[in-house]
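Trainee:
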Amino acid sequence: MLARYVEIGLAVREAFRKPELRDAFIGRLKPHRRLIAGCVPAGIQQHGMLPERAPAHGLAEISDADLAQWLVDDGRLIYGEFTQQELDNYFEAIAPWLPLHGHFIDLGSGLGKVVLSAALALPGMRCTGVELLGYRNDMAQVRLAQMLAAGVADDPAAAARVAARVRLLHQDMFATDVSDASMVYIYSTCFAPMMDRLAEKLASELPEGALVTTVTFPMQHPAFELVKQFAPPSVAWTTVFLYRRRSALDAAAPPAASFLYEQDSAAWEYAVRAAFAAYDSSLGT
Ligand SMILES: C[S@@+](CC[C@H](N)C(=O)[O-])C[C@H]1O[C@@H](n2cnc3c(N)ncnc32)[C@H](O)[C@@H]1O
């Protein structure tokens, strides 16, 4: 998946950078602008994850469906996490609803901050992280090892108990079995195009009573009841939702809910042309 992401991304970035390809860039991306978080896809910007090399293909060779999927992937790979204070607020805020035992899963666990914080805050729960990008999961493993090493120096038996409860998996959340989860956490701020698919997956797998947290975007699915909505800044900079899986009988087919915001076409193009100009001036041209 990553190799494909990089190949298409290089073609999109070339069309952004080369003046003679910019009309094509606008023409191809404009119909899909609702999939872009912001105006210019994150991956082709200076802080993006793409390597500095020429593309093997031009944008014209990329199909529309592949381009749309690339924009979804580009959005969902954007990194973000709560501050430690926000996470402390979160675990305190949801404490009244949390079971004492069970399985906490972070879907899209990144560098592991939530999983490691959960392992400390929820001593009765197994805590699992699921991350698509190997390098992020590797970094999470390093952080876990550092946390455990610090714990071993202090209290080896307690550190061993934490180690036995934590797992960091390198895999696609859509291929992950969550049927024994009692709590699922999703930092979904950049997952707008995937919210319906995620809700469907969770509705079909989670046991009755399981809790789900989403961030920024709600889950509009009849299998879930909203338990609590934490408006900013009570817990964090953005809205935090807490849901509970209703009984299986209530899991009727959901109405399609769209969380995608489509920017006005002219406003989007204006912003993209401004980004072209900013890129050129960063090169001194
Ligand atoms: C916004 S970050 C949140 C990281 C972590 N949950 C936290 O709050 O600190 C979202 C993470 O989800 C990962 N991700 C995106 N799509 C995924 C997928 N299909 N399966 C697993 N992880 C995914 C991204 O690579 C990214 O690291």
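Heads up, the working numbering is the position in the sequence shown plus 22, with the first residue counted as 1. Ideal Cβ positions, reconstructed from N, Cα and C, are used throughout, including at glycine. As the structure is a computational prediction, the values presented were derived from the model and not from experiment.
To the nearest angstrom, how far is it from the Cα of LYS250 to the Cα of MET205?
Mentor: As a first step, residue 250 is located in the sequence shown; it is residue number 228 there, counting from the start. As a first step, residue 205 is located in the sequence shown; it is residue number 183 there, counting from the start. Distance between the alpha carbons of LYS250 and MET205: 14 Å.
Trainee: Whose C-beta lies closer than 7 Å to the C-beta of ARG158 among residues of the same chain, with five residues either side of it excluded?
Mentor: The residue labelled residue 158 in the question sits at position 136 within the sequence shown. Cβ within range, chain order: GLY132 and LEU133.
Trainee: Contact between the region 169 to 179 and the region 92 to 104 is defined here as three or more beta-carbon pairs at a separation below 8 Å; is this criterion met?
Mentor: In short, these stretches do not touch, since the Cβ pair count stays below three.
Trainee: What are the start and end residues of the beta strand (DSSP E) that includes LYS52?
Mentor: The residue you call residue 52 lines up with position 30 of the sequence shown. No beta strand (DSSP E) holds LYS52; DSSP gives it neither H nor E.
Trainee: Is the beta carbon of ASP194 within less than 7 Å of some heavy atom of ligand 1?
Mentor: For the purposes of this step, residue 194 is identified with residue 172 of the sequence shown, where counting begins at 1. Yes, Cβ of ASP194 sits closer than 7 Å to a heavy atom of ligand 1.
Trainee: So the candidates are GLN168, ALA141 and ASP218; which of them puts its Cα closest to the Cα of LEU187?
Mentor: Here residue 187 corresponds to residue number 165 of the sequence shown, with the count starting at 1. Reading off the sequence, residue 187 comes out as Arg, not Leu. When only C-alpha atoms are compared, the closest one is ALA141.
Trainee: Tell me whether SER280 is buried or exposed, calling it buried when 16 or more other Cβ atoms sit within 10 Å of its Cβ.
Mentor: Mapped onto the sequence shown, residue 280 falls at position 258. Exposed, because fewer than 16 other Cβ atoms sit within 10 Å of the Cβ of SER280.
Trainee: Helix, strand or coil for GLN251 per DSSP?
Mentor: Within the sequence shown, residue 251 is the residue found at index 229, counting from 1. GLN251: strand per DSSP, three-state reduction.
Trainee: Count the other C-beta atoms from every protein chain shown that fall within 10 angstroms of the C-beta of ASP199, then say buried if there are 16 or more, exposed otherwise.
Mentor: In the sequence shown, the residue the question calls residue 199 occupies position 177. Per the 10 Å Cβ criterion, exposed.
Trainee: Quick one: what does DSSP say ASP1 is sitting in, helix, strand or coil?
Mentor: Residue 1 falls outside the range modelled here, since the chain spans only 23 to 307, and no answer is possible.
Trainee: Relative to ligand 1, is the shortest distance from any of its heavy atoms to the C-beta of THR261 smaller than 7 Å?
Mentor: Indexing the sequence shown from 1 puts residue 261 at position 239. The answer is no for THR261.
Trainee: What's the C-alpha gap between PRO254 and ALA25?
Mentor: In the sequence shown, the residue the question calls residue 254 occupies position 232. In the sequence shown, the residue the question calls residue 25 occupies position 3. Their Cα atoms are separated by approximately 37 Å.
Trainee: Pop quiz: VAL152 and LEU120 are said to be a contact at Cβ under 8 Å. What is the actual Cβ separation, rounded to whole angstroms?
Mentor: For the purposes of this step, residue 152 is identified with residue 130 of the sequence shown, where counting begins at 1. For the purposes of this step, residue 120 is identified with residue 98 of the sequence shown, where counting begins at 1. Actually they are not in contact, since the Cβ atoms of VAL152 and LEU120 sit about 20 Å apart, beyond 8 Å.
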